[in-house]
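Here the structure is laid out as structure tokens; the discussion comes afterwards.
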Amino acid sequence: MLQSKKNTVLVLYLIALCLIGPLIFWLSYRSGRGGQQAAQPSLNGLLNPPNRNPALQKRISLGNKVLFTADNNPDKQAGVQAFAAGDFSTAVTKFNAALQVKRNDPETWIYLNNASAAAISNTVKIGVSVPVGGNLNVAREMLRGVAQAQYEINHGGGIGGKLVQVQVANDDNNPIVVKQIAAEFANDPDILAVVGHNSSDASIAAAPIYQKSGLVMISPTSVARNLGGVGRFIFRTTPNSRAIADALASYVVKTARKTRIAICADSQAEASRSFQEEFTSSVFENGGYITSTPCDFAATNFNPSEIPSQAVSDGAEALLLAPDVNRMGRAVEVAQANRSRLTLFGSHTMYTYDTLQQGQADVNTMVLSVPWHPSAFPNSSFIANAKRFWGGAGNWRTALTYDATIAVFTGLKASTNREQLQKALSNTGFMFKGATGIVKFLPSGDRQESGTLVRVQPGRYSGTGYDFTPLPSSVDTSLR
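Yeah, the sequence shown ends on 481 if you go by this note's numbering, and it's all consecutive.
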């Protein structure tokens, strides 16, 4: 019964967005921004600032261009064209129609909410940066957390009556592009905070820019230990690499009883290097040993077929795969070449749809350490809403990005000011119950949490024939 009522509320909200379209247009016209010709100069300045780096024109959108081109359809395209023209009434209608075609598209949800808020002069704007061109599925997973949080806050009346708009950027997890986007966000006084970035390399590249500009950045997915303590404007909702690696290393040595482990990591990725170092340290502390098997996903002469044989020759009993998110395919190739000779383990980056779809039986029984799994929060309102929006409970990237976004919204309730937001988040009394439990930041900007263990097993949930299933002993129910 409760599920039916919630579904009804969601449907009524979508209908309401269509019905209020004409009112939005009328209000825009009355405020001097509804007539297309009169609005165009200021609207162009808002959507495409004249001083914006030309290379970023196709990478940043408030609703005026499609960044996730793989998820485009005629209604969505018509929606962005209407948005760009200042016809927000039509944009609302078209984005709503686009969701009937692809309901779990987070970009369309964000543009729909942005369009419905566009006629209101008193809004709050944040930025979000995801790696659309680096890893499309990871970008979708992250943006779903932002879209769900935006819907909930706007549907609840906004922040002090101000509706939230989200400016979306595609950074490809490329540090050069990331710096350009960070500078763009920092120079826009309307952007009060940034949710992102994805990879640790991306966040580390952007952090000094945000810190210097006094703009809060909350990364939901960057685990490298050296991101912590960069500055007082830098936060993250994910545990750091030590917390995640400790959980896995202890399991490998003490529970799986594998004491000689080979590691495949990425020398060009900070998160991978950090995880490798923390895992290695923890393995030794637990009485295990790391073999000298060379395996670098970034190597130009990388040959996946040789690695399992070399590891076996080196006396390894198990193999840890800790790739960069942009080189996931190479990790799967190693798993395929393994042919069950070595027991496989994985870092949090291996928790993707592509791992299951491409790996299939070759990754079956692989154990991973991740920051969160929905099974620990069966009664969560976040999960209930996620199932309605996206067709599933979401994964750790969606949940932690949701928490990062809610953290921003919670902090802005005290004051819609960059400096005051930082002070609110840093306050020792700041905390809230999010998708992943109690969210509270340490003085370093980190969050004190531990990892959760999951295993790849046959299942029907993901649609690939395999699922990530929690190990019973690893599910922490203390924060349900």
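The beta carbon of each residue, even a glycine, is placed where N, CA and C say it ideally should be. The model shown is predicted, which means the values in this text are computed figures rather than measured ones.
Presumed contact (8 Å Cβ cut-off) between residue i and residue j, rounded CB distance
i, j, result
"tryptophan 110", "alanine 140", "Not confirmed; about 14 Å, so no contact."
"valine 457", "threonine 353", "11 Å between Cβ atoms; not a contact."
"aspartate 363", "alanine 336", "5 Å"
"proline 221", "leucine 68", "Going by Cβ atoms, the distance from proline 221 to leucine 68 rounds to 18 Å, so no, they are not a contact pair."
"phenylalanine 234", "glutamine 423", "5 Å"
"serine 275", "serine 201", "7 Å"
"isoleucine 61", "glutamine 168", "6 Å"
"aspartate 267", "alanine 299", "5 Å"
"asparagine 54", "glutamine 181", "5 Å"
"valine 129", "isoleucine 160", "Rounded, the Cβ-Cβ distance is 16 Å, inconsistent with contact."
"proline 132", "asparagine 174", "4 Å"
"glycine 146", "threonine 399", "4 Å"
"leucine 113", "asparagine 97", "6 Å"
"isoleucine 407", "phenylalanine 433", "7 Å"
Helix, strand or coil at residue i according to DSSP, with G and I counted as helix
i, result
"leucine 1", "Summary: the structure shown does not reach residue 1, with the chain confined to residues 2 through 481, and so no result is reported for it."
"threonine 417", "coil"
"alanine 468", "It is aspartate, not alanine, that sits at residue 468 in the sequence shown. Looking at aspartate 468 - three-state DSSP - the assignment turns out to be strand."
"methionine 218", "strand"
"glycine 33", "Only weak support exists for where glycine 33 lies, its pLDDT of 38 falling under 50; the value from the coordinates is given anyway. Correct three-state label for glycine 33: coil."
"glutamine 458", "strand"
"aspartate 106", "coil"
"glutamine 58", "coil"
"glycine 289", "coil"
"alanine 120", "coil"
"proline 473", "helix"
"aspartate 88", "coil"
"valine 67", "coil"
"asparagine 396", "coil"
"leucine 193", "strand"
"serine 314", "helix"
"serine 427", "helix"
First through last residue of the beta strand (DSSP E) which encompasses residue i
i, result
"leucine 249", "Looking at the DSSP string, leucine 249 is not in any beta strand (DSSP E); the run it does join, the alpha helix (DSSP H), is 242-251."
"arginine 342", "From DSSP, arginine 342 is part of no beta strand (DSSP E); its letter is neither H nor E."
"serine 223", "No beta strand (DSSP E) holds serine 223; DSSP gives it neither H nor E."
"asparagine 570", "With the chain covering only 2 through 481, there is no way to say anything about residue 570."
"phenylalanine 236", "235-237"
"glycine 1", "No answer is possible for residue 1: it lies beyond the span of the chain, which begins at 2 and ends at 481."
"valine 165", "164-171"
Beta-carbon spacing of residue i, residue j below 8 Å
i, j, result
"alanine 436", "aspartate 468", "no"
"valine 179", "alanine 203", "yes"
"valine 409", "isoleucine 219", "yes"
"leucine 228", "glycine 452", "no"
"alanine 183", "isoleucine 210", "yes"
"arginine 104", "aspartate 447", "no"
"glycine 230", "serine 427", "no"
"valine 455", "threonine 470", "yes"
"valine 326", "asparagine 199", "yes"
"phenylalanine 390", "isoleucine 384", "no"
"leucine 369", "serine 348", "yes"
"alanine 207", "glycine 232", "no"
"leucine 48", "asparagine 74", "no"
"alanine 483", "serine 306", "As displayed, the chain neither begins before 2 nor continues past 481, which places residue 483 out of reach and without an answer."
"proline 107", "leucine 63", "no"
"asparagine 171", "glycine 197", "no"
Sequence-distant residues of its chain with Cβ nearer than 6 Å to residue i (five each side left out)
i, result
"alanine 263", "Thr292, Thr294, Ala312, Ala317 and Leu320"
"cysteine 296", "Cys265 and Ile308"
"glutamate 279", "Ser242, Arg243 and Ala246"
"leucine 28", "With a pLDDT of 40 at leucine 28, under the threshold of 50, the modelled position of this residue cannot be trusted, and the question is left open."
"alanine 92", "Gly80, Ala83, Phe84 and Ala116"
"asparagine 52", "none"
"valine 217", "Ala194, Phe234, Leu422 and Gln423"
"leucine 100", "Thr109"
"alanine 387", "Ala394 and Gly395"
"proline 375", "Ile384 and Ala394"
Proximal residues to residue i (C-beta, below 7 Å), its chain only, five neighbours per side dropped
i, result
"lysine 259", "Val253, Glu318, Ala319 and Thr344"
"lysine 6", "Per-residue confidence for lysine 6 stands at a pLDDT of 44, beneath the threshold of 50, marking its modelled position as unreliable; the derived number appears in the next sentence. Within the same chain, lysine 6 has no close Cβ partners at all."
"glutamate 420", "Gly215"
"lysine 255", "Asn287"
"aspartate 191", "Lys126"
"valine 102", "Asn74 and Asp76"
"aspartate 315", "Ala263, Thr292, Ser293 and Thr294"
"glutamine 277", "Ile264, Ala266 and Ala323"
Close-in-space but distant-in-sequence residues of the same chain around residue i (CB under 8 Å, 5 per side omitted)
i, result
"serine 416", "Leu422 and Ala425"
"methionine 329", "Asn136, Thr350, Met351, Thr353, Asp355 and Thr356"
"glutamine 37", "The pLDDT assigned to glutamine 37 is 38, lower than 50, so where the model puts this residue is not dependable; a value taken from the coordinates is nonetheless given after this. If we look at glutamine 37 and ignore the five residues flanking it on each side, its Cβ neighbours are Ala86, Gly87 and Asp88."
"valine 284", "Ala250, Val253, Val254, Ile262, Tyr290 and Ile291"
Range covered by the alpha helix (DSSP H) that runs through residue i
i, result
"asparagine 49", "Segment: none, asparagine 49 is in no alpha helix (DSSP H) and carries neither H nor E."
"glutamine 358", "354-360"
"arginine 389", "382-391"
8 Å Cβ cutoff, residue i in contact with chain D
i, result
"leucine 413", "The structure shown has no chain D; it contains just one protein chain."
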